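Numbering that gives the first Met the number 0 numbers the first residue of the sequence shown as 0 and each following residue consecutively.
Note sheet for the following structure.
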Amino acid sequence: MSLLVIGTLALDKVETPYEARDEALGGSATFFCFAASNFHQVGLVGVIGDDFPMGEIAKLEAHGVDTRGVEKAAGKTFRWAGRYEADWNTRTTLDTQLGVFENWMPTVPDEMTNARFVFLANAAPAVQSAALDQCENPEFVMLDTMNLWIDIARDELLALIRRVDGIVLNDEEARMLTGQRNLIKAARAVLALGPKYVILKKGEHGAFLVGKDVHFSLPAYPVDNVVDPTGAGDSFAGGFMGYISAARNTDPLTLKRAMLYGTVTASFCVQGFSVEELVRHDRGRVEARFNELLSITSF
Ligand code: AMP
Numbered sequence: 000m001s002l003l004v005i006g007t008l009a010l011d012k013v014e015t016p017y018e019a020r021d022e023a024l025g026g027s028a029t030f031f032c033f034a035a036s037n038f039h040q041v042g043l044v045g046v047i048g049d050d051f052p053m054g055e056i057a058k059l060e061a062h063g064v065d066t067r068g069v070e071k072a073a074g075k076t077f078r079w080a081g082r083y084e085a086d087w088n089t090r091t092t093l094d095t096q097l098g099v100f101e102n103w104m105p106t107v108p109d110e111m112t113n114a115r116f117v118f119l120a121n122a123a124p125a126v127q128s129a130a131l132d133q134c135e136n137p138e139f140v141m142l143d144t145m146n147l148w149i150d151i152a153r154d155e156l157l158a159l160i161r162r163v164d165g166i167v168l169n170d171e172e173a174r175m176l177t178g179q180r181n182l183i184k185a186a187r188a189v190l191a192l193g194p195k196y197v198i199l200k201k202g203e204h205g206a207f208l209v210g211k212d213v214h215f216s217l218p219a220y221p222v223d224n225v226v227d228p229t230g231a232g233d234s235f236a237g238g239f240m241g242y243i244s245a246a247r248n249t250d251p252l253t254l255k256r257a258m259l260y261g262t263v264t265a266s267f268c269v270q271g272f273s274v275e276e277l278v279r280h281d282r283g284r285v286e287a288r289f290n291e292l293l294s295i296t297s298f
């Protein structure tokens, strides 16, 4: 197993200015898996309740995701509800119900503990570090988090940040974590916390990657029919990690290419509700958009 993800499998309630959906498949690890599996096989560690539609697990498996690390526990699946404003960049979390996630501690199956690339998708820092403890010497660990954990579990999160190679944050999270308004200063402040790389996502305005040996900025792939941005960040991470895991390389050029693959993968995610478009997209469509993005950004 090369690539491992630990995170949430969820049922989401999403309101956009145009449409609302309830009980839609979501979760940080779910989006990541559909995105990354286009590039490389992924092992998934997470927990579901007894109300989780098992057909969704079959869908993940059909995409080549190894779901042996998905535990089924008595109780309700993690649920999240959110609303988007018309600018798409403003999202309000309306409700988070941890359900079976509340008292869950991950067990990484023996076959997956030797994963070379590990993505700690958005989850409680205690869960993320318990999973990382079980991994044997991974080559590259990337961490995601969110405002909730920065707020209620800051010390645990800071301890975890010292142990990872890279961290992905959106602009709001970076400001909240570092207290810096300017994003370049915020990126530097994040690097001072320990990781070698930080990726700052700015929604429809793109993302940039900063590290000792690399500084790279990229606009988003232009999409004229945004339907639901939920999971865009996790899909970005899936494209990014899936690509470097398949390349088995983290040199600056590979990381820059991975930024393009992450960006393109996220662009498919936002064009459908939940994982609808991610389920449909394939490597051929990804490559076509990769080339388009390359031509848009080169001169
Ligand atoms: P993104 O839009 O990339 O931030 O990801 C949204 C997904 O993250 C949704 O499908 C949610 O179910 C999931 N999610 C929301 N809040 C949390 C949380 N506190 N911890 C883990 N996953 C979450």
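Quick reminder that beta carbons are idealized off the backbone N, C-alpha and C, glycines included.
Just so we're clear, the structure is a prediction, and the values are computed from it rather than from any experiment.
query	result
Are the beta-carbon atoms of G54 and F77 separated by less than 9 Å?	no
Determine the extent of the alpha helix (DSSP H) in which W148 is found, giving its start and end residues.	146-151
What does the alpha-carbon distance come out to for the pair H62 and F33?	7 Å
In or out: T229 buried (at least 16 other Cβ within 10 Å) or exposed?	buried
Closest by CA to Q96, which one among R162, K12, I243?	K12
Going by DSSP, name the residue or residues bridged to L3.	G42, V117
Of the choices M145, N248, L59, P105, whose alpha-carbon is the least far from that of R115?	N248
Under 8 Å by Cβ, that's how I've got M0 and D65 pegged, so tell me the actual separation to the nearest angstrom.	7 Å
Under the rule that 16 or more other beta-carbon atoms within 10 Å means buried, what is Y17, buried or exposed?	exposed
Could you check whether A236 and D143 sit closer than 9 Å to each other, using their CB atoms as the reference points?	yes
Would DSSP call M104 helix, strand or coil?	coil
Where do the ends of the beta strand (DSSP E) carrying V69 lie?	65-71
For D11, which beta-bridge partners are listed by DSSP?	A23, W79
How about A219: is its Cβ closer than 8 Å to a heavy atom in the ligand AMP?	no
Work out the CA separation of G283 and T7 for me, nearest whole Å.	28 Å
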